[in-house]
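Chains as they are written, first to last, in the working numbering: chain A, 5 to 84; chain B, 5 to 84; chain C, 27 to 175; chain D, 27 to 175. Idealized CB from N, CA, C, for every residue including glycine.
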Amino acid sequence: MPVPVLVFASYADAFGARIVSVPVETPCTVADIVEAMRTLKGGERLPGKPVVAVNQSYATCDVAVQDGDEVALIPPVAGG
Amino acid sequence: MPVPVLVFASYADAFGARIVSVPVETPCTVADIVEAMRTLKGGERLPGKPVVAVNQSYATCDVAVQDGDEVALIPPVAGG
Amino acid sequence: MTAPWVEITNEPIDLNAMVGTVVDRGVGAVATFLGTVRDVNDGRAVTGIDYEAYQPMAEREMRAIADEIVSRWPGLRVAIVHRVGTLQVGDVSVAIACAHARRAPSADAMREAIELLKVRVPIWKREHYAGGEWTWVDPTQPTTATETR
Amino acid sequence: MTAPWVEITNEPIDLNAMVGTVVDRGVGAVATFLGTVRDVNDGRAVTGIDYEAYQPMAEREMRAIADEIVSRWPGLRVAIVHRVGTLQVGDVSVAIACAHARRAPSADAMREAIELLKVRVPIWKREHYAGGEWTWVDPTQPTTATETR
């Protein structure tokens with residue numbers, strides 16, 4: 005089942021959306037999702053190692069993603 | 005001519021006043037004023053080297069005091 | 027509201043209100059930090075900034091930062107509020123208030139909080155420049171490319 | 027009022043208003059410090075504090091401190107306000123606001139300002155304790171004698 009991935013700021017501009025439906029089979033890993041996103045239109049604008057959050061916590065590329073998890077791609081932050 | 009000296013906080017309590025008329029002849033020095041104040045009632049409560057300001061600036065004991073100068077005895081400060 | 031108060035908001039930030047939430051009878055010192063939109067960045071004339079947040083995660087990270095500095099400086103009382111939306115030059119984008127019995131911990135914790143916020147909290151800003159160009163600010167890049175609106 | 031704003035006042039301190047005086051279009055960061063009356067000092071229950079100032083000299087020293095930190099951190103904009111009179115637990119006694127293009131100078135200048143204020147500005151405080159005793163606080167003494175009201 006595709007995983008909906010939240011994208012923000014420059015990544016939202018790249019994908020032309022705020023939620024991207026990513027064609028992967030769950031369960032999978034964060035790395036699988038990032039690689040699948042690179043094949044989508046706009047995915048070529050992702051950096052080499054984009055930061056990912058799963059369920060609102062920063063996640064390394066080996067973290068598992070299940071159906072229902074909230075996945076987000078986090079551009080370089082610039083708060084303050 | 006006596007010099008009026010402003011006193012504050014614990015020094016005002018010691019002298020029982022906010023302005024003390026100090027019997028010295030002007031011109032004199034800051035040290036002369038302090039020594040004269042020690043002879044007044046309450047003066048025994050002054051510390052060994054009280055801080056003095058002349059015309060609202062901190063003054064060392066050799067600074068000259070003329071008629072009309074604003075002299076003040078500054079207890080240990082505790083602002084903030 | 028009681029400390030720690032962390033919030034992403036669309037509204038102007040009221041620093042007095044934040045201070046009110048962190049002061050209690052045991053507090054002797056409050057250090058606060060405000061980030062404001064200034065009219066120049068990297069030598070370019072800035073006309074305004076859009077702030078965007080991943081709100082639930084941003085509030086979660088802000089709360090984690092508050093918890094971390096409280097564990098490092100016990101007794102600390104913290105409020106962290108970040109504004110999102112379109113801000114003009116001079117507007118306050120972020121405010122942090124750290125209250126403690128003593129001034130050194132309040133000031134040290136305030137510094138730590140803003141440094142952690144800047145590297146961890148998922149908030150982004152798009153700067154608009156005189157002439158109509160804009161860019162998403164990327165602090166990891168020495169200079170940032172711009173796009174034309 | 028424009029920066030530097032230095033004032034001894036009998037009125038409650040409005041931090042928002044102070045921040046308003048130091049922020050201008052070139053400011054990106056404001057660090058502020060507030061001193062508040064807390065309910066315990068040196069292990070004794072404090073019920074209130076009377077602050078007294080040598081007002082004209084205090085304002086002069088506060089202005090000198092503002093000028094000194096501005097010369098050390100060029101571009102800094104400063105406000106320093108100290109309240110006098112009878113304050114209750116939780117009241118703000120002193121507020122300092124330091125604004126700069128960047129956050130490190132604003133925070134460093136704020137720290138320097140409060141440290142200088144505490145050693146140089148002719149202001150005194152009389153602490154009142156539960157039970158009716160009081161003392162003029164003398165930071166140069168390890169402990170302070172008390173008098174009974």
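Query, Result
"Per-residue DSSP class, three states only, for D/Ala-121", "strand"
"Rounded Cβ spacing between C/Leu-41 and D/Leu-41 (contact assumed at less than 8 Å)", "6 Å"
"Continuous beta strand (DSSP E) assignments of at least 3 residues falling wholly in the region 43–78 of chain C", "55–62"
"C/Tyr-80, DSSP secondary structure in three states", "coil"
"Among C/Arg-129, C/Arg-128, C/Thr-58 and C/Ile-75, the one whose alpha carbon lies nearest that of C/Val-66", "C/Ile-75"
"C/Met-44 classed as buried or exposed, judged by whether at least 16 other C-beta atoms fall within 10 angstroms", "buried"
"Residues of the region 8–27 of chain A with Cβ closer than 8 Å to any Cβ of chain C, in chain order", "Leu-10, Phe-12, Ala-13, Ser-14 and Asp-17"
"Environment of C/Asp-134 [buried if 16+ CB atoms lie within 10 Å]", "buried"
"Cβ neighbours of D/Glu-37 in the same chain (closer than 6 Å, five flanking residues each side left out)", "none"
"CB contact check: D/Val-36 to chain C, cutoff 7 Å", "For the record, residue 36 of chain D in the displayed sequence is Asn; it is not Val. Judged by the 7 Å Cβ criterion, D/Asn-36 is not in contact with chain C."
"Bounding residues of the beta strand (DSSP E) (the contiguous stretch that carries D/Glu-138)", "It is not in any beta strand (DSSP E) - D/Glu-138 instead sits in the alpha helix (DSSP H) that spans 129–146."
"Nonlocal neighbours in the same chain, by C-beta distance under 8 Å from B/Pro-8, ignoring five residues either side", "Ile-23, Val-24, Ser-25, Val-26 and Val-75"
"D/Arg-175 - DSSP class collapsed to helix/strand/coil", "Because the pLDDT at D/Arg-175 is just 44, under 50, the model does not fix this residue reliably, and the value given afterwards should be weighed accordingly. Looking at D/Arg-175 - three-state DSSP - the assignment turns out to be coil, as it is neither helix nor strand."
"Short CB-CB distance (under 7 Å) between B/Ile-78 and chain D", "yes"
"Cβ-based burial, D/Ile-152 [other Cβ within 10 Å; buried from 16]", "A small correction: the amino acid at residue 152 of chain D is Arg; Ile does not occupy that position in the sequence shown. The residue in question, D/Arg-152, is buried, as its Cβ has 16 or more Cβ neighbours within 10 Å."
"Which of helix, strand or coil DSSP assigns to D/Leu-102", "coil"
"Whole-angstrom distance between A/Val-34 and D/Glu-141, CA atom to CA atom", "50 Å"
"Extent of the continuous alpha helix (DSSP H) run through A/Ile-37", "34–42"
"Beta carbon proximity, C/Pro-20 to chain A, threshold 7 Å", "Summary: the structure shown does not reach residue 20 of chain C, with chain C confined to residues 27 through 175, and so no result is reported for it."
"Neighbourhood of D/Tyr-80 by C-beta, 6 Å cutoff - its chain only, sequence neighbours within 5 removed", "Pro-148"
"Length of the line joining the Cα atoms of B/Phe-12 and B/Leu-77", "7 Å"
"Nearest-angstrom Cα separation, counted from C/Val-107 out to C/Ile-143", "For the sequence presented, residue 143 of chain C should be read as Leu rather than Ile. Approximately 11 Å, taken between the alpha carbons."
"Cβ pair C/Ala-92, C/Ile-34 closer than 7 Å", "no"
"D/Thr-166: contacting residues in chain B (beta-carbon distance under 8 Å)", "Pro-80"
"Residue range of the unbroken beta strand (DSSP E) whose run includes A/Ala-57", "55–58"
"Contact check, A/Val-152 vs A/Val-67, beta carbons under 7 Å", "Here chain A comprises residues numbered 5 to 84, so residue 152 of chain A is not present and cannot be evaluated."
"Nearest-angstrom beta carbon gap, C/Val-110 and C/Val-72 [assumed within contact, 8 Å]", "With a Cβ gap of about 17 Å, C/Val-72 and C/Val-110 do not count as contacting."
"Contacts that C/Arg-86 makes with chain A (C-beta to C-beta distance below 9 Å)", "Gln-60 and Ser-61"
"D/Val-96 in three-state terms, based on DSSP", "helix"
"Three-state class that DSSP yields for B/Ala-63 in the structure shown", "strand"
"Closer than 7 Å at the beta carbon, the chain C residues around D/Ile-140", "Arg-129"
"Beta carbon proximity, B/Ala-57 to chain D, threshold 7 Å", "yes"
"Cβ of D/Tyr-80 within 7 Å of any chain B Cβ", "yes"
"Assumed close pair C/Val-104, C/Ala-139 - CB separation to whole angstroms, cut-off 8 Å", "7 Å"
"When D/Arg-70, D/Tyr-77 and D/Pro-100 are compared against D/Gly-157, the one with the closest alpha-carbon", "D/Arg-70"
"Cut-off 8 Å between Cβ atoms - residues of its own chain near C/Leu-113, not counting five sequence neighbours on either side", "Val-63, Gly-74, Ile-75, Asp-76, Tyr-77 and Ser-119"
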